[in-house]
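Inspection log for the structure reproduced underneath, given as structure tokens.
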Amino acid sequence: MALYFITGNKNKFSEAEAIMGDIEQCDIDLPEIQDIDARNIIKAKLQEALEHKEGEFMVEDTSLYLDCLNGLPGPLIKWFLKTIGNDGLARLAEKLGNDRAEARTIIGYAKNKNEISFFEGSIKGKIIFPRAISNFGWDPIFQPDGFDKSFAEMSREEKNSISMRRAALDKLKDFLAR
1 MALYFITGNK NKFSEAEAIM GDIEQCDIDL PEIQDIDARN IIKAKLQEAL
51 EHKEGEFMVE DTSLYLDCLN GLPGPLIKWF LKTIGNDGLA RLAEKLGNDR
101 AEARTIIGYA KNKNEISFFE GSIKGKIIFP RAISNFGWDP IFQPDGFDKS
151 FAEMSREEKN SISMRRAALD KLKDFLAR
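Going by our numbering, the sequence shown opens with residue 1, and the numbers climb by one from there.
Put into structure tokens, the structure is as follows:
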């Protein structure tokens, strides 16, 4: 049976496909509840997807947690980017005097309505002012610890080798191989 990755984001899908191999993109327009707990968002999407189509599904949420905002925006990052953008987030971190952040991906996998599992990957880093242009969310402002460049400045291969999405996908891949 096919494993469907529910996302309309081609960048997320290509990154996941490069790591997972044989998955199919499923771009169904599902309602997305708003919550500060990404697991609640993911679970609601998976349950809704199972109402529309047969198969095994995966949904992911990649969030950015700023220490200076007590963990916000978290799963609300999309709305922060729409309102204040990457420059606004970098200015906030600077004005509040704390550039520490954590990027976290949580993947939900549903074999059916009763079997939902979660897989998490995270990477710590800091918020910087954008030095590169990217069409991939907040990549221009997140610099992982131990690196002198942001995700946006890295090659796809370099980012994929260390990313929080990679860590979560590797855990899912191991789970599916059992």
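The C-beta atom is built at its ideal place from N, Cα and C for all residues, glycine as well.
Using alpha carbons as the reference points, say which of the options lies closest to residue i.
i, options, result
"Gly8", "Arg131, Ser155, Asp27 and Gly21", "Asp27"
"Ser155", "Lys173, Ala168, Phe136 and Leu172", "Phe136"
"Asn160", "Asn114, Lys53 and Asp139", "Asp139"
"Ala168", "Gln143, Glu120 and Ser134", "Glu120"
"Leu66", "Gln47, Asn86 and Ala132", "Asn86"
"Lys12", "Arg165, Asp174 and Asp170", "Arg165"
Per DSSP, what kind of secondary structure is residue i in: helix, strand or coil?
i, result
"Arg131", "coil"
"Phe147", "coil"
"Gln34", "coil"
"Met154", "coil"
"Leu64", "strand"
Would residue i and residue j qualify as a contact pair, given that the criterion is a beta-carbon distance under 8 Å?
i, j, result
"Phe118", "Gly125", "no"
"Ala103", "Ile127", "no"
"Pro144", "Ile123", "yes"
"Ile6", "Asp61", "no"
With residue i as the anchor, note down where its beta strand (DSSP E) starts and where it stops.
i, result
"Asn112", "Arg100 to Asn112"
"Thr7", "Element bounds for Thr7: n/a, residue is neither H nor E."
Can you tell me whether residue i sits near the ligand ATP, meaning its C-beta is under 7 Å from at least one heavy atom of the ligand?
i, result
"Gly108", "No copy of the ligand ATP appears in this structure; indeed no ligand is present at all."
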